[in-house]
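Notes for the one structure printed next.
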Amino acid sequence: MEPELDPAAVEVPAGRVLCARELLAARSRSQKLPQRSHGPKDFLPDGSAAQAERLRLCREELWQLLAEERVERLGSLVAAEWRPEEGFVELKSPAGKFWQTMGFSEQGRQRLHPEEALYLLECGSIQLFYQDLPLSIQEAYQLLLTEDTVTFLQYQAFSHLKRLGYVVRRFQPSSILSPYERQLNLDGSARCLEDQNGKRKRRSSSSRSINKKAKALENPPQGVNETPESLTTSSPPPCNQNNQCGEGKPQESNPVKGPVGPSELLGSLQPWPDLANEGVGCSQESGKVENGVKGVCKPRWNFEQIPFPNMASDSRHTLLLVPAPELLPANVAGRETDAESWCQKLNQRKEKLSRREREQHAEAQHFREDVNLDPEVRCCSSWQEYKQLLRRRHLQKSRSRPPHLWDQPVRPLLSPGQADSPATALQHLSVLRTTHLADGGAR
Amino acid sequence: MLVVEVANGRSLVWGAEAVQALRERLGVGGRTVGALPRGPRQNSRLGLPLLLMPEEARLLAEIGAVTLVSAPRPDPRQHSLALASFKRQQEQGFQEQSALAAEAREIRRQELLEKIAEGQAAKKQKLEQESGVSESQGAGANPAAAESEASASQAPAEPEEAGSSSPQPGPSDEVAPLPRSALLVQLATARPRPIKARPLDWRVQSKDWPHAGRPAHELRYSIYRDLWERGFFLSAAGKFGGDFLVYPGDPLRFHAHYIAQCWAPGDPIPLQDLVSAGRLGTSVRKTLLLCSPQPDGLRSQEGSVNVLNKCGVCDLNPGDSPGKCGCLHLLIWMRERPGGGHASRR
Numbered sequence: 001m002e003p004e005l006d007p008a009a010v011e012v013p014a015g016r017v018l019c020a021r022e023l024l025a026a027r028s029r030s031q032k033l034p035q036r037s038h039g040p041k042d043f044l045p046d047g048s049a050a051q052a053e054r055l056r057l058c059r060e061e062l063w064q065l066l067a068e069e070r071v072e073r074l075g076s077l078v079a080a081e082w083r084p085e086e087g088f089v090e091l092k093s094p095a096g097k098f099w100q101t102m103g104f105s106e107q108g109r110q111r112l113h114p115e116e117a118l119y120l121l122e123c124g125s126i127q128l129f130y131q132d133l134p135l136s137i138q139e140a141y142q143l144l145l146t147e148d149t150v151t152f153l154q155y156q157a158f159s160h161l162k163r164l165g166y167v168v169r170r171f172q173p174s175s176i177l178s179p180y181e182r183q184l185n186l187d188g189s190a191r192c193l194e195d196q197n198g199k200r201k202r203r204s205s206s207s208r209s210i211n212k213k214a215k216a217l218e219n220p221p222q223g224v225n226e227t228p229e230s231l232t233t234s235s236p237p238p239c240n241q242n243n244q245c246g247e248g249k250p251q252e253s254n255p256v257k258g259p260v261g262p263s264e265l266l267g268s269l270q271p272w273p274d275l276a277n278e279g280v281g282c283s284q285e286s287g288k289v290e291n292g293v294k295g296v297c298k299p300r301w302n303f304e305q306i307p308f309p310n311m312a313s314d315s316r317h318t319l320l321l322v323p324a325p326e327l328l329p330a331n332v333a334g335r336e337t338d339a340e341s342w343c344q345k346l347n348q349r350k351e352k353l354s355r356r357e358r359e360q361h362a363e364a365q366h367f368r369e370d371v372n373l374d375p376e377v378r379c380c381s382s383w384q385e386y387k388q389l390l391r392r393r394h395l396q397k398s399r400s401r402p403p404h405l406w407d408q409p410v411r412p413l414l415s416p417g418q419a420d421s422p423a424t425a426l427q428h429l430s431v432l433r434t435t436h437l438a439d440g441g442a443r
Numbered sequence: 001m002l003v004v005e006v007a008n009g010r011s012l013v014w015g016a017e018a019v020q021a022l023r024e025r026l027g028v029g030g031r032t033v034g035a036l037p038r039g040p041r042q043n044s045r046l047g048l049p050l051l052l053m054p055e056e057a058r059l060l061a062e063i064g065a066v067t068l069v070s071a072p073r074p075d076p077r078q079h080s081l082a083l084a085s086f087k088r089q090q091e092q093g094f095q096e097q098s099a100l101a102a103e104a105r106e107i108r109r110q111e112l113l114e115k116i117a118e119g120q121a122a123k124k125q126k127l128e129q130e131s132g133v134s135e136s137q138g139a140g141a142n143p144a145a146a147e148s149e150a151s152a153s154q155a156p157a158e159p160e161e162a163g164s165s166s167p168q169p170g171p172s173d174e175v176a177p178l179p180r181s182a183l184l185v186q187l188a189t190a191r192p193r194p195i196k197a198r199p200l201d202w203r204v205q206s207k208d209w210p211h212a213g214r215p216a217h218e219l220r221y222s223i224y225r226d227l228w229e230r231g232f233f234l235s236a237a238g239k240f241g242g243d244f245l246v247y248p249g250d251p252l253r254f255h256a257h258y259i260a261q262c263w264a265p266g267d268p269i270p271l272q273d274l275v276s277a278g279r280l281g282t283s284v285r286k287t288l289l290l291c292s293p294q295p296d297g298l299r300s301q302e303g304s305v306n307v308l309n310k311c312g313v314c315d316l317n318p319g320d321s322p323g324k325c326g327c328l329h330l331l332i333w334m335r336e337r338p339g340g341g342h343a344s345r346r
């Protein structure tokens with residue numbers, strides 16, 4: 001299906017190519033953005049010349065803005081090549097300022113995701129090549145925005161957020177702290193993550209040095225991935241990648257409640273500080289270090305394959321075996337324990353309520369009536385019996401009502417004609433009786 | 001004849017002249033979705049490409065103003081030719097730019113010749129007064145060279161700004177060659193070479209045009225066409241919960257008057273939707289327009305919905321406590337619009 005041989009094929013005209021003179025002239029054009037509408041908008045078109053003039057001005061500006069082409073110095077452009085088979089863009093010359101927040105390194109080479117590359121192309125920071133030919137923006141949209149890489153809509157969202165100033169990265173599930181981790185106050189790592197979600201701000205020099213160190217540790221110890229048990233002896237630079245330690249910790253401390261097996265706890269945690277600083281924490285992607293991301297990598301331990309004993313009440317597995325001696329430090333001996341006694345002591349501490357909560361509890365107690373505490377209700381063995389009980393109780397209650405008050409038709413005590421003053425009405429009601437105490441006393 | 005490429009149901013226009021023609025001559029606006037070259041890091045004004053709604057693209061194709069083509073893939077056989085021509089173009093451009101840069105530098109020097117001469121004389125005098133003649137000779141040559149360097153670097157296209165050029169400390173008669181890194185390069189927006197593409201039939205469903213035959217699309221298109229023929233300018237109304245925003249003229253100078261919602265004939269409209277859309281329209285000062293095509297397909301009937309502020313039944317104002325009269329505190333006022341049926345745009 002070659003379009004060339006197709007007689008109905010239509011020729012798509014080429015876009016505008018600037019000559020040398022135009023290129024030079026482009027350097028001296030204004031950099032300010034004109035305002036969108038000149039003055040407040042009109043309500044209805046009335047065919048007046050003034051309206052037409054304003055409209056013409058607005059339109060002229062718009063066409064001028066749209067017709068401008070991107071002109072850059074060759075020296076300030078970073079050369080990049082699109083690799084469709086691998087789905088990323090590789091930088092051929094060293095990256096500029098955008099490297100702090102975009103892109104990733106793999107095997108010593110600088111790479112960009114397709115959406116990042118396209119955004120940088122639109123900004124005029126890189127020159128994208130495909131098979132040695134530089135791509136125009138139109139061709140880049142066509143080649144880079146496919147179903148398997150990034151769709152057009154996803155790119156629109158990405159570029160919109162980038163233009164607003166945010167640092168937008170690919171989502172990594174390991175970067176989200178679980179509520180349990182947050183509860184354990186592993187916020188040291190959380191604060192690292194906040195940086196990457198906030199607006200683009202000046203990166204501290206420490207982070208840059210960390211990134212460089214991480215890139216420098218390029219001998220990805222593949223051995224480590226295969227044998228997570230063995231301790232490596234690389235000297236750990238102080239890092240802010242301790243969220244990796246953090247992620248390991250809660251998983252390990254789950255089965256251990258209370259001071260049981262402190263040796264085991266220590267033993268499991270010991271390897272973390274040493275191994276955490278490889279920068280190779282990602283077991284799946286060997287040696288891949290993201291930029292602008294402070295050490296958020298997948299943990300090296302595959303927790304789906306490490307069995308944790310289930311110490312919940314459904315199937316207690318409380319016999320904890322001796323930890324492997326190579327996991328423990330030299331002078332600590334591990335022992336096996338039975339955690340049964342500890343499990344029984346769970347949840348036995350009295351809950352300390354604040355004064356307010358206690359008051360609330362007390363108040364609620366007054367009004368709470370549990371139906372099941374009633375012995376008569378307990379005697380009922382079926383719903384019908386319960387209904388009968390309810391009916392009986394209702395009758396009893398109504399028996400205490402005097403029939404002359406409750407069962408007869410309502411008759412007014414006073415008709416409007418009978419009482420013409422409040423005194424007579426009160427007399428009738430016999431609420432206040434006039435007494436003549438003083439009369440008798442005088443005699 | 002304008003050509004618009006369509007890929008995956010999305011029509012993008014990449015040429016600024018095409019965008020201008022569509023908007024000025026035909027009243028079809030579209031929406032810019034790319035970065036603006038002048039300000040690529042802001043969101044208030046976007047640049048090419050222009051995204052056309054499927055209804056807009058179809059209308060343009062139906063009236064014959066535009067040819068829709070499937071987005072063409074680059075042909076591998078043309079690649080070597082294209083590469084050779086690109087290299088040639090770049091070399092040529094480089095030569096031209098060097099020549100132009102030298103020219104500009106020369107012009108600049110000529111302009112400032114008088115000033116340079118004056119400066120030189122003044123400097124000479126000053127130094128002769130202060131120190132010996134030999135020192136003034138040495139100092140006289142240097143400021144001349146330094147001034148010509150300074151004047152050269154002031155020219156906007158001069159390459160000596162970056163530290164990559166080879167500075168010539170001698171007199172400015174020698175032309176400093178333009179270094180490669182100072183070459184100006186255009187990052188083309190649209191494809192810089194012509195290519196053949198297959199025309200797209202919008203009546204037939206295909207991978208690039210999945211809208212054909214879909215009832216939702218047909219409905220919206222009939223409404224769009226009808227309103228366009230009456231002379232309105234239409235754009236997408238995702239922000240206001242409708243299908244189209246209807247402007248009396250170009251959106252650059254006029255506010256929208258209506259939010260058009262398309263409903264299939266016979267479709268029941270839930271009252272909550274009506275009420276919420278009406279309230280939204282009132283709060284943004286636009287009238288809600290309910291549109292649906294007539295069964296004969298030629299005209300469409302529209303009723304506008306206005307939500308008044310007073311309950312027409314019990315005369316309560318919105319400030320009073322509700323529930324007193326037990327009825328909804330709005331009056332929905334339906335009014336029929338006279339049908340159109342013109343084939344051309346008024």
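If you read the protein sequences in the order shown, they are chains D and Z.
Numbered per full-length UniProt numbering, the first sequence spans residues 1 to 443.
Numbered per full-length UniProt numbering, the second sequence spans residues 1 to 346.
For glycine and all other residues, C-beta sits at the position ideal for the given N, C-alpha and C.
Nothing here was measured: the structure is a model prediction, and the numbers come from that model.
Between Z/S283 and Z/P251, what straight-line distance do the alpha-carbon atoms span, to the nearest angstrom? Counting from 1 along the second sequence, the entry for residue 283 of chain Z is found at position 283. Counting from 1 along the second sequence, the entry for residue 251 of chain Z is found at position 251. If you take the alpha carbons of Z/S283 and Z/P251, they lie about 20 Å apart.
First and last residue of the beta strand (DSSP E) that includes D/C123? In the first sequence, the residue the question calls residue 123 of chain D occupies position 123. Looking at the DSSP string, D/C123 is not in any beta strand (DSSP E); the run it does join, the alpha helix (DSSP H), is 114–123.
Going by the CB atoms, is the gap between Z/Y258 and Z/L219 shorter than 8 Å? The residue labelled residue 219 of chain Z in the question sits at position 219 within the second sequence. The residue labelled residue 258 of chain Z in the question sits at position 258 within the second sequence. No, they are not a contact pair.
Checking 8 Å against the spacing of the C-beta atoms, do Z/A35 and D/C123 come in under that value? Indexing the second sequence from 1 puts residue 35 of chain Z at position 35. Indexing the first sequence from 1 puts residue 123 of chain D at position 123. Contact: yes.
List the residues of chain Z that D/P422 touches, going by C-beta distances under 7 Å, in chain order. Along the first sequence, one-based indexing puts residue 422 of chain D at 422. Under the 7 Å cutoff, chain Z gives no residues; its nearest Cβ is about 34 Å from D/P422.
D/Q388: first and last residue of the uninterrupted alpha helix (DSSP H) it sits in: Numbered from its first residue, the first sequence carries residue 388 of chain D at position 388. Counting along the chain, the alpha helix (DSSP H) containing D/Q388 begins and ends at 383–399.
Within the same chain, show all residues whose beta-carbon is closer than 6 Å to that of D/A20, passing over the 5 residues directly before and after it, in chain order. In the first sequence, the residue the question calls residue 20 of chain D occupies position 20. A distance below 6 Å between beta-carbons, with the five flanking residues on each side excluded, links D/A20 to no residue of its chain.
Assess contact between the stretch 182–192 of chain Z and the stretch 411–427 of chain D, defined as three or more Cβ pairs (one per stretch) separated by less than 8 Å. Is contact present? No, they do not touch.
Is there a Cβ of chain D sitting closer than 8 Å to that of Z/E5, yes or no? The count along the second sequence starts at 1 and reaches residue 5 of chain Z at position 5. So yes, Z/E5 belongs to the interface.
Look at the alpha carbon of Z/P49 and the alpha carbon of Z/G15, and state the distance between them as a whole number of angstroms. What you label residue 49 of chain Z is simply residue 49 of the second sequence in a count that begins at 1. What you label residue 15 of chain Z is simply residue 15 of the second sequence in a count that begins at 1. Using only the alpha carbons, I get a separation of about 8 Å.
At the level of alpha carbons, what is the spacing between D/Q222 and D/W342? For this step, residue 222 of chain D is matched to residue 222 along the first sequence. For this step, residue 342 of chain D is matched to residue 342 along the first sequence. With a pLDDT of 39 at D/Q222, under the threshold of 50, the modelled position of that residue is not reliable, and the figure given next carries that caveat. Distance between the alpha carbons of D/Q222 and D/W342: 40 Å.
Between the stretch 160–188 of chain D and chain Z, which residues of the former have a C-beta closer than 9 Å to a C-beta of the latter? Within the stretch 160–188 of chain D, the residues whose Cβ lies closer than 9 Å to some Cβ of chain Z are H160, K162, R163, L164, G165, listed in chain order.
Measuring alpha carbon to alpha carbon, tell me which residue in D/A117, D/R356, D/E357 is nearest D/K162. What you label residue 162 of chain D is simply residue 162 of the first sequence in a count that begins at 1. Nearest C-alpha to D/K162 among D/A117, D/R356, D/E357: D/A117.
Do you know how far the Cα of D/Y386 is from the Cα of D/R392? If you number the first sequence from 1, residue 392 of chain D lands on position 392. If you number the first sequence from 1, residue 386 of chain D lands on position 386. Taking the straight line from one Cα to the other gives about 10 Å.
Verify whether the separation of the beta carbon atoms of D/A14 and Z/P194 is less than 8 Å. For the purposes of this step, residue 14 of chain D is taken as the residue at position 14 of the first sequence. For the purposes of this step, residue 194 of chain Z is taken as the residue at position 194 of the second sequence. Cβ atoms of D/A14 and Z/P194: closer than 8 Å.
N- and C-terminal bounds of the alpha helix (DSSP H) containing D/Q142: Reading the first sequence from its first residue, position 142 is the one you call residue 142 of chain D. From DSSP, the alpha helix (DSSP H) with D/Q142 extends over 137–144.
Sheet register partners of D/T149 (DSSP bridge): Position 149 of the first sequence, counted from the first residue, corresponds to residue 149 of chain D. Residue pairing of D/T149 in beta bridges, as defined by DSSP: absent, with no partner found.
Under 8 Å between the Cβ atoms of D/L320 and D/E336? Taking the first sequence and counting its residues from 1, one reaches residue 320 of chain D at position 320. Taking the first sequence and counting its residues from 1, one reaches residue 336 of chain D at position 336. Going by C-beta atoms, D/L320 is nearer than 8 Å to D/E336.
Backbone CA spacing between Z/A216 and D/V12 [nearest angstrom]: In the second sequence, residue 216 of chain Z corresponds to position 216, counting from 1. In the first sequence, residue 12 of chain D corresponds to position 12, counting from 1. C-alpha of Z/A216 to C-alpha of D/V12: approximately 31 Å in a straight line.
For D/A324, tell me which candidate among D/S382, D/A333, D/Q388 has the shortest Cα-Cα distance. Walking along the first sequence from the start, residue 324 of chain D turns up at place 324. Restricting attention to D/S382, D/A333, D/Q388, the CA atom closest to the CA of D/A324 is found in D/A333.
Within the 8 Å Cβ cut-off, does Z/W14 reach chain D? Looking up residue 14 of chain Z in the second sequence gives position 14. By this cut-off, Z/W14 is an interface position.
Output yes if chain Z places a C-beta closer than 8 Å to the C-beta of D/D132; else output no. Here the question's residue 132 of chain D lines up with position 132 in the first sequence. Chain Z, which has a Cβ nearer than 8 Å to the Cβ of D/D132, makes this yes.
Roughly how far, in whole angstroms, is the beta-carbon of D/E68 from the beta-carbon of Z/P37, given that I think they are within contact range, below 8 Å? For the purposes of this step, residue 68 of chain D is identified with residue 68 of the first sequence, where counting begins at 1. For the purposes of this step, residue 37 of chain Z is identified with residue 37 of the second sequence, where counting begins at 1. Right, their Cβ atoms sit about 5 Å apart.
Indicate whether at least one CB of chain D lies closer than 8 Å to the CB of Z/H79. On the second sequence, residue 79 of chain Z is found 79 positions in, with the first residue counted as 1. Using a CB distance cut-off of 8 Å, Z/H79 counts as an interface residue toward chain D.
CA-to-CA distance, D/Q172 to residue 444 of chain D, given in whole angstroms: An answer regarding residue 444 of chain D cannot be provided, because it is not within the stretch 1 to 443 covered by chain D.
With a threshold of 16 other CB atoms inside 10 Å of the CB of Z/P167, please say whether the residue is buried or exposed. What you label residue 167 of chain Z is simply residue 167 of the second sequence in a count that begins at 1. In this predicted model, Z/P167 has a pLDDT of only 37, less than 50, meaning its place in the structure is not dependable; the value taken from the coordinates is given anyway. Exposed: under 16 other Cβ atoms inside 10 Å.
So which residues of chain D does Z/S255 contact, with C-beta pairs closer than 7 Å? Indexing the second sequence from 1 puts residue 255 of chain Z at position 255. As written in the sequence, residue 255 of chain Z is His, which differs from the Ser given in the question. When 7 Å is used as the limit between beta carbons, Z/H255 is near these residues of chain D: K41, in chain order.
Identified DSSP bridge partners for Z/K196: The residue labelled residue 196 of chain Z in the question sits at position 196 within the second sequence. D/E11.
Under a CB-based cut-off of 8 Å, is residue 352 of chain Z close to chain D? One cannot answer for residue 352 of chain Z here, as it falls past the ends of chain Z, which runs 1 to 346.
Integer Cβ distance of Z/S70 from Z/V6, believed to fall under 8 Å: Residue 70 of chain Z sits at position 70 when you count from the first residue of the second sequence. Residue 6 of chain Z sits at position 6 when you count from the first residue of the second sequence. Contact between Z/S70 and Z/V6 holds, with the beta-carbon distance rounding to 6 Å and staying under 8 Å.
Coarse secondary structure for D/R109, derived from DSSP in three states: Here residue 109 of chain D refers to the residue found at position 109 when the first sequence is read from its first residue. The three-state reading of DSSP puts D/R109 in strand, counting E and B together.
From D/S183 to D/L177, what does the alpha carbon distance come to, in whole angstroms? Here the question's residue 183 of chain D lines up with position 183 in the first sequence. Here the question's residue 177 of chain D lines up with position 177 in the first sequence. For the sequence presented, residue 183 of chain D should be read as Gln rather than Ser. Taken atom to atom, the span from the alpha-carbon of D/Q183 to that of D/L177 is near 10 Å.
For Z/E96, return the contacting residues in chain D, with the cut-off set at a CB-CB distance below 7 Å. For the purposes of this step, residue 96 of chain Z is identified with residue 96 of the second sequence, where counting begins at 1. Residues of chain D passing the Cβ test: A20.
With C-beta atoms as the reference, is Z/R191 less than 8 Å away from D/E139? The residue you call residue 191 of chain Z lines up with position 191 of the second sequence. The residue you call residue 139 of chain D lines up with position 139 of the first sequence. Result yes, Cβ atoms of Z/R191 and D/E139 sit closer than 8 Å.
Proximity below 8 Å, CB of Z/A237 to CB of Z/L245: Here residue 237 of chain Z refers to the residue found at position 237 when the second sequence is read from its first residue. Here residue 245 of chain Z refers to the residue found at position 245 when the second sequence is read from its first residue. Yes.
Which full runs of the alpha helix (DSSP H) of 4+ residues lie inside the stretch 318–376 of chain D, going along the chain? Fully enclosed alpha helix (DSSP H) runs of 4 or longer: 340–344, 355–367.
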